[in-house]
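K.L.:
One structure, pasted below without further comment.
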Ligand SMILES: C[S@@+](CC[C@H](N)C(=O)[O-])C[C@H]1O[C@@H](n2cnc3c(N)ncnc32)[C@H](O)[C@@H]1O
Ligand code: SF4
Ligand code: SF4
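Residue numbers (our numbering): 2 to 410.
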């Protein structure tokens with residue numbers, strides 16, 4: 002999400018006119034992670050040796066600022082698994098970029114060695130003290146057991162929610178702070194979306210909904226798009242063929258409710274066009290057809306500094322720290338490759354990309370983003386652990402046992 006500070010007006014205006022200013026970027030600082038969430042494959046690729054040094058992060062920050070980046074999300078992997086997160090935040094903030102740090106809220110870790118509790122929260126505090134006001138914390142259910150199942154980590158819900166309470170208190174009264182829940186919408190949690198909005202509001206957060214993307218079965222080979230993730234984790238995917246009518250009814254009910262809540266001013270970060278596109282995608286498996294501005298309005302950088310036009314494409318562009326990168330980025334050759342890649346892509350549902358495009362394509366998208374950023378839920382509440390804990394549904398659990406058993410470990 003882009004912030005409309007005076008410093009950034011010129012870049013946003015230039016992006017609106019030329020559509021060639023990369024106002025949004027994503028940097029996966031590490032692919033290492035302390036969790037192995039069922040719907041995520043990133044943690045498989047973590048390699049500390051490939052990651053950038055603080056000096057390289059400084060160069061990256063300077064380059065991003067020169068290219069016109071306004072908003073940078075630091076994701077991963079788990080950003081707190083990197084000992085360089087604080088150095089990265091200092092470097093990017095020092096160049097005047099708005100930062101959002103994505104985290105699972107469940108401890109820092111080095112590889113799989115989780116360091117929980119106070120040491121993680123101390124690092125969260127350090128990052129806040131450096132000037133980071135925006136965090137996205139993942140939470141996919143209000144049923145602790147269901148969320149622990151998705152994350153493959155007992156106690157994950159309690160840890161993540163304790164982190165949210167901590168952030169809620171630390172960021173209370175901080176101008177421009179908009180901590181957010183990242184909620185992946187799947188077959189397991191469709192009925193929970195309206196309550197997730199109420200929960201977010203109650204603890205002083207906003208919420209962003211991301212429909213689950215069906216990654217390929219790891220055994221099927223990366224290019225085999227027929228062998229979708231739904232076969233690998235059937236309990237999470239929406240049943241597109243079998244029981245489609247019932248699934249469509251559930252999807253319509255869930256998205257109808259949250260679109261109405263958004264119109265009523267509830268703190269939902271996604272634009273209405275994005276929520277409508279999500280509803281269509283979950284029903285049909287089809288991505289939005291509007292085209293994509295990857296490489297123009299946004300780009301992505303991998304932990305080793307490799308530049309890609311977005312999170313998923315693989316074209317070998319010049320390395321982001323190559324001395325000739327800026328020249329390359331503005332060259333006709335880059336535009337040719339970018340068009341080939343984005344034009345040949347079947348699409349995706351990444352909210353940050355689609356909402357950035359939507360912001361510059363539709364008036365509705367523009368004004369909704371402006372409204373959320375100029376007037377972040379200002380009456381933000383501060384929530385202690387007791388408030389958050391009231392929402393925990395500890396007694397109930399509905400995991401489809403036969404599917405869970407069918408899913409490979
Ligand atoms: C890859 S994680 C990185 C940041 C951090 N480790 C976290 O979990 O928040 C970023 C977001 O992607 C979401 N995600 C992971 N796998 C996904 C999938 N298959 N489809 C949709 N979203 C997914 C996560 O739930 C999380 O909110
Ligand atoms: S915490 Fe984030 S990066 Fe790690 S496995 Fe889960 S979704 Fe993936
Ligand atoms: S639509 Fe394709 S090229 Fe565009 S951001 Fe999504 S995956 Fe990347």
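We put the beta carbon where it would ideally sit given N, CA and C, even for glycine.
If you're wondering where the values come from, they're calculated on a predicted model, not measured in any experiment.
Could I get the ranges of all uninterrupted beta strand (DSSP E) runs contained in the stretch 139 to 172, with 3 residues as the minimum, in chain order?
P.N.:
Correct list: empty.
K.L.:
Return the bridge partner residues of residue 104 from the DSSP annotation.
P.N.:
The sequence position of residue 104 within the chain shown is 103, counting from 1. DSSP, once it has assigned bridges, lists 138 as partnering residue 104.
K.L.:
For the pair the stretch 101 to 108 and the stretch 160 to 170, tell me if three or more CB-CB distances fall below 8 Å.
P.N.:
The stretch 101 to 108 is in contact with the stretch 160 to 170.
K.L.:
Distance, Cα to Cα, residue 168 vs residue 200?
P.N.:
Here residue 168 refers to the residue found at position 167 of the chain shown. Here residue 200 refers to the residue found at position 199 of the chain shown. About 15 Å.
K.L.:
Quick check on residue 181: does DSSP put it in helix, strand or coil?
P.N.:
Here the question's residue 181 lines up with position 180 in the chain shown. The answer is strand: DSSP assigns residue 181 an E or B state.
K.L.:
Report the residue from 15, 78 and 10 whose alpha carbon sits nearest the alpha carbon of residue 41.
P.N.:
If you number the chain shown from 1, residue 41 lands on position 40. The candidate whose alpha carbon is nearest that of residue 41 is 78.
K.L.:
Can you give the Cα-Cα distance for residue 348 and residue 295, rounded to whole angstroms?
P.N.:
Stepping through the chain shown from its first residue, residue 348 is reached at position 347. Stepping through the chain shown from its first residue, residue 295 is reached at position 294. Cα to Cα, residue 348 sits roughly 11 Å from residue 295.
K.L.:
Suppose you measure from the CA of residue 148 to the CA of residue 333; what does that come to, to the nearest Å?
P.N.:
Residue mapping note: residue 148 aligns to position 147 of the chain shown, counting from 1. Residue mapping note: residue 333 aligns to position 332 of the chain shown, counting from 1. For residue 148 and residue 333, the distance between alpha carbons rounds to 47 Å.
K.L.:
Do residue 259 and residue 280 have their CB atoms nearer than 7 Å?
P.N.:
For the purposes of this step, residue 259 is identified with residue 258 of the chain shown, where counting begins at 1. For the purposes of this step, residue 280 is identified with residue 279 of the chain shown, where counting begins at 1. No, the Cβ-Cβ distance between residue 259 and residue 280 is not below 7 Å.
K.L.:
Does DSSP classify residue 175 as helix, strand or coil?
P.N.:
Numbered from its first residue, the chain shown carries residue 175 at position 174. Residue state, collapsed to three classes: coil.
K.L.:
So which residues put a beta carbon under 5 Å from any heavy atom of ligand 3, going in chain order?
P.N.:
That gives 293, 295, 311, 313, 343, 346, 348, 349 and 354.
K.L.:
Quick check on the contact list: which residues have their beta carbon closer than 5 Å to a heavy atom of ligand 1?
P.N.:
Taking each Cβ in turn, the ones that pass are 40, 41, 76, 77, 79, 103, 105, 139, 183, 185, 211, 213 and 214.
K.L.:
With H, G and I counted as helix, E and B as strand and the rest as coil, what does DSSP make of residue 73?
P.N.:
For the purposes of this step, residue 73 is taken as the residue at position 72 of the chain shown. Correct three-state label for residue 73: strand.
K.L.:
Can you tell which of 326, 38, 129 and 266 has its C-alpha closest to the C-alpha of residue 139?
P.N.:
On the chain shown, position 138 is the one that residue 139 refers to. Per the Cα distances, 38.
K.L.:
Determine the burial state of residue 137: buried for a count of at least 16 other Cβ atoms within 10 Å of its Cβ, exposed for fewer.
P.N.:
By 1-based counting over the chain shown, the position of residue 137 is 136. Flag for residue 137 reads buried.
K.L.:
Using the Cβ count rule (16 or more neighbours within 10 Å means buried), how would you classify residue 45?
P.N.:
To locate residue 45, count along the chain shown from 1; it is residue 44. Counting Cβ neighbours within 10 Å, residue 45 comes out exposed, since fewer than 16 surround it.
K.L.:
I need the DSSP call for residue 212, collapsed to helix, strand or coil.
P.N.:
Within the chain shown, the letter at position 211 stands for residue 212. Residue 212 falls in the strand class under three-state DSSP.
K.L.:
Write down the C-beta distance between residue 306 and residue 53 rounded to the nearest angstrom, noting that I regard them as a contact closer than 8 Å.
P.N.:
Here residue 306 is taken as the residue at index 305 of the chain shown, counted from 1. Here residue 53 is taken as the residue at index 52 of the chain shown, counted from 1. Residue 306 to residue 53, Cβ: 5 Å. Contact.
K.L.:
Are the beta-carbon atoms belonging to residue 73 and residue 80 less than 7 Å from one another?
P.N.:
For the purposes of this step, residue 73 is taken as residue 72 along the chain shown, with counting starting at 1. For the purposes of this step, residue 80 is taken as residue 79 along the chain shown, with counting starting at 1. No; because the gap between Cβ atoms is not below 7 Å, this pair is not in contact.
K.L.:
What does the alpha-carbon distance come out to for the pair residue 318 and residue 262?
P.N.:
Position 317 of the chain shown, counted from the start, is the residue given in the question as residue 318. Position 261 of the chain shown, counted from the start, is the residue given in the question as residue 262. Taking the straight line joining both Cα atoms gives about 42 Å.
K.L.:
The beta strand (DSSP E) with residue 249 in it runs from where to where?
P.N.:
Position 248 of the chain shown, counted from the first residue, corresponds to residue 249. Where residue 249 is concerned, there is no enclosing beta strand (DSSP E), although the alpha helix (DSSP H) it sits in stretches over 245 to 264.
K.L.:
When you compare only the Cα positions, how much space is there between residue 35 and residue 297?
P.N.:
In the chain shown, residue 35 corresponds to position 34, counting from 1. In the chain shown, residue 297 corresponds to position 296, counting from 1. Those two C-alpha atoms are separated by around 33 Å.
K.L.:
Just reading off the alpha helix (DSSP H) that residue 97 is part of, what are its end residues?
P.N.:
Stepping through the chain shown from its first residue, residue 97 is reached at position 96. That residue, residue 97, is in no alpha helix (DSSP H); it is neither H nor E in DSSP.
K.L.:
If we require 3 or more residues per run, which beta strand (DSSP E) segments fall completely within the stretch 298 to 337?
P.N.:
Complete beta strand (DSSP E) runs here, min 3: 299 to 302.
K.L.:
Is DSSP giving residue 290 helix, strand or coil here?
P.N.:
Counting from 1 along the chain shown, the entry for residue 290 is found at position 289. Correct three-state label for residue 290: coil.
K.L.:
Quick check: what's the CA-CA separation for residue 198 versus residue 283?
P.N.:
For the purposes of this step, residue 198 is identified with residue 197 of the chain shown, where counting begins at 1. For the purposes of this step, residue 283 is identified with residue 282 of the chain shown, where counting begins at 1. Their Cα atoms are separated by approximately 19 Å.
K.L.:
Excluding sequence positions up to five away, which residues of its chain have a Cβ less than 8 Å from the Cβ of residue 64?
P.N.:
By one-based count along the chain shown, residue 64 stands at place 63. Counting only Cβ-Cβ distances below 8 Å, and skipping sequence neighbours, we find 321, 322, 326 and 327.
K.L.:
What's the gap between the Cα of residue 28 and the Cα of residue 155?
P.N.:
In the chain shown, residue 28 corresponds to position 27, counting from 1. In the chain shown, residue 155 corresponds to position 154, counting from 1. So the two alpha carbons sit approximately 29 Å from each other.
K.L.:
In whole angstroms, give me the CA-to-CA distance for residue 10 and residue 16.
P.N.:
On the chain shown, position 9 is the one that residue 10 refers to. On the chain shown, position 15 is the one that residue 16 refers to. So the alpha carbons of these two residues sit roughly 10 Å apart.
K.L.:
Since residue 28 is in the beta strand (DSSP E), which residue starts that stretch and which ends it?
P.N.:
For the purposes of this step, residue 28 is identified with residue 27 of the chain shown, where counting begins at 1. Residue 28 -> beta strand (DSSP E) spans 25 to 31.
K.L.:
Could you spell out the range, first to last residue, of the alpha helix (DSSP H) harbouring residue 60?
P.N.:
Mapped onto the chain shown, residue 60 falls at position 59. From DSSP, the alpha helix (DSSP H) with residue 60 extends over 55 to 68.
K.L.:
Just to check my reading of the structure: residue 181 and residue 270 have Cβ atoms closer than 8 Å, yes? What is that Cβ distance to the nearest angstrom?
P.N.:
Sequence index remark: in the chain shown, residue 181 carries index 180 (1-based). Sequence index remark: in the chain shown, residue 270 carries index 269 (1-based). Right, their Cβ atoms sit about 6 Å apart.
K.L.:
When the Cα atoms are used, what is the spatial distance from residue 20 to residue 291?
P.N.:
Position 19 of the chain shown holds residue 20. Position 290 of the chain shown holds residue 291. Approximately 15 Å, taken between the alpha carbons.
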